[in-house]
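Heads up: the structure comes next, in structure tokens.
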Amino acid sequence: RKPVFVKVETLRPGTFGHNLVVKVLSSKVVVNRARPDGSGVRIAECQVADDTGTVTLTARNAQVEVAKVGSTICVRNAKIDMFKGLMRLAVDKWGLVEEAEPATFEPKVDFDLSAVEYELVPALDDE
């Protein structure tokens, strides 16, 4: 099956299976710990954007190396995680973060989906 690529502006909380081509605007390592067995845990929060908006990507371990500032990456099978009411784009073991051809689009930085706070509201019964 051929992947269907979507734009940042179409991302919604609780959704998954997203394929995007985005440009990395910034990257900040937030966790860098060593485990007792010698392996390590690295987590970076990267601000990524396309021509419709920006979102924060949570990159883990090897994904941190791929998501370098200024590079264009292809994110496959990503999901939207909620962190303190804010959206985060995340790629688990079933997904893939890889380098892509340099972007031909201009990133739209004034529309940040990860800056919008969402609140879980219980559904009302129709009685």
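Residue numbering for the sequence shown follows this note's numbering, starting at 15 and increasing by one per position. All residues carry an ideal CB built from backbone N, CA and C; glycine is no exception. In this text the structure is predicted, and so the values were computed from the model without any measurement.
From the options, residue whose alpha carbon lies closest to that of residue i
i: cysteine 60; options: Val20, Val38, Val45; result: Val38
i: aspartate 106; options: Arg26, Val69, Phe119, Ala73; result: Ala73
i: glycine 28; options: Lys42, Ile94, Ile87, Asn75; result: Ile94
i: glycine 109; options: Ala117, Ser40, Val62, Asn33; result: Asn33
i: phenylalanine 30; options: Ala92, Val20, Ser41; result: Ala92
i: aspartate 65; options: Ser41, Ala114, Lys82, Val36; result: Val36
i: valine 45; options: Lys98, Val78, Asp124; result: Val78
i: glutamate 133; options: Lys98, Ala104, Phe119; result: Lys98
Span separating the alpha-carbon of residue i from that of residue j
i: isoleucine 57; j: alanine 48; result: 12 Å
i: valine 18; j: arginine 26; result: 16 Å
Cβ neighbour criterion (16 or more within 10 Å) applied to residue i
i: glycine 67; result: buried
i: threonine 70; result: buried
i: proline 50; result: exposed
i: valine 43; result: exposed
N-terminal and C-terminal residue of the alpha helix (DSSP H) that residue i is part of
i: alanine 114; result: No alpha helix (DSSP H) holds alanine 114; DSSP gives it neither H nor E.
i: glutamate 79; result: 76-80
Span of the beta strand (DSSP E), counted from its first residue to its last, around residue i
i: alanine 48; result: 30-48
i: arginine 15; result: It is not in any beta strand (DSSP E) - arginine 15 carries neither H nor E in the DSSP assignment.
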